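Below: the structure, in structure tokens.
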Amino acid sequence: MPTPSVRSFTTYADTSSEKDHPLDAPASMAVGDYVYLLVCLDVDSTFTSTGFSSLYGDISVEARAGAAVLRKAYDAGDGSTYTVVTVVERMAGVALAIENDGGIHAYSAAPESGIGTTTIDVPAITTTIDGCLIVTVVFTDRQTTPHGALTGATHLVEVDVFSGGTVSIYTQTQATAGTVAADSISMQVGNPSPDTEEWWCSRFAIAPTSSGSSGSLSATLDDATLSAAGDVADRGTLDVTLGDATLSGAGSVSIGGALSTTLADATLS
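And the structure:
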């Protein structure tokens, strides 16, 4: 199963108070990818963007700041920006493109939040399938960078804006299903005093796609059947030579490249 991974991302830091916040679309996206908008500011707010659903919606960070994680399937008709609508305020954000996204498999049991500390508590997360991408997201009030390392994870990006907020993202591929233990991340506080920075942290697991090939699929069949009970997604080419055989898809068959077939007394369906 193709494992999910980060294709690309862009960052956003609004230094003037606005209501509409345009985040640049990540580069090189393809149909099948998913787009995530991870955004925060230093007051409670609603967060909306056309076509997106809320993975974590309208988070109140210790009742002093606001944040959200929004998600949608990429569409070839998407424009060059994704606009997030909030109350009028400065905002920090990341637009993240994930390839081989098989859907949200699991969430951490409960998000963590706090105020006036120098560490961020990271909750544990448990998965039941192999090959998930674990995403850890941190939102804080104002500027709290730099954020420290997280065991086993890559610190993908952090972005902040003065009197706005900070977004920090960590990713790790979990080869084998199980529990990723709770942990902690250090942060810089004291702007102007420790009790002015609030933080919120959660983890979610993105499942791999159900089946597919990232290169090419080649099959030579005589009295045989090649079938797909679920979805077959091949980003390369499908080259099939069939005799008295059947190539069928009970689900869907998607070929990103070319489909080449040689058919005798056979059926392609």
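Offset between the sequence shown (1-based) and my numbering: plus 1304.
Even for Gly, the Cβ is constructed at its ideal location relative to N, Cα and C.
Computed from a predicted structure; not experimentally measured.
Does the separation of the CB atoms of Ile1424 and Met1491 fall below 7 Å?
yes
Kindly identify the DSSP beta-bridge partner or partners of Gly1383.
For Gly1383, no pairing in a beta bridge is given by DSSP.
Evaluate Pro1308 with the Cβ neighbour count: other Cβ atoms within 10 Å of its Cβ, from every protein chain shown; 16 or more gives buried, anything less gives exposed.
buried
Per DSSP, what kind of secondary structure is Thr1421 in: helix, strand or coil?
coil
Should Ala1369 and Glu1502 be called a contact, given that it needs their Cβ atoms to be closer than 7 Å?
Their beta carbons are under 7 Å apart, which means Ala1369 touches Glu1502 by this criterion.
Return the chain-ordered ranges of every beta strand (DSSP E) run that is complete within the region 1345-1383 and spans a minimum of 3 residues.
1357-1365 and 1369-1377
Where does Gly1469 fall in DSSP's three states?
strand
For Gly1435, count neighbouring C-beta atoms within 10 Å of its own C-beta (all shown protein chains included) and say buried if the count is 16 or more, exposed if not.
buried
Any idea if Thr1440 is buried or exposed, counting beta-carbon neighbours within 10 angstroms, 16 or more meaning buried?
Around the CB of Thr1440, 16 or more other CB atoms lie within 10 Å, so the residue is classed as buried.
DSSP state of Thr1449 mapped onto helix, strand, coil
coil
Going along the chain, which residues of its own chain have a beta-carbon closer than 7 Å to the beta-carbon of Glu1322, five neighbours each way excluded?
So the list reads Val1392, once near-sequence residues are dropped.
Exposed unless 16 or more other CB atoms sit within 10 angstroms - verdict on Thr1475
buried
Local conformation of Gly1540 per DSSP, three classes
Reliability of the predicted coordinates at Gly1540 is poor, the pLDDT of 43 falling under 50, and no value is obtained from them.
Inter-residue Cα distance where the pair is Ala1317 and Asp1464
6 Å
From His1451, Ser1514, Tyr1338 and Cys1505, pick the residue whose C-alpha is nearest to that of Tyr1386; which is it?
Tyr1338
Which residue from Pro1427, Phe1443 and Gly1452 puts its Cα closest to that of Phe1508?
Pro1427
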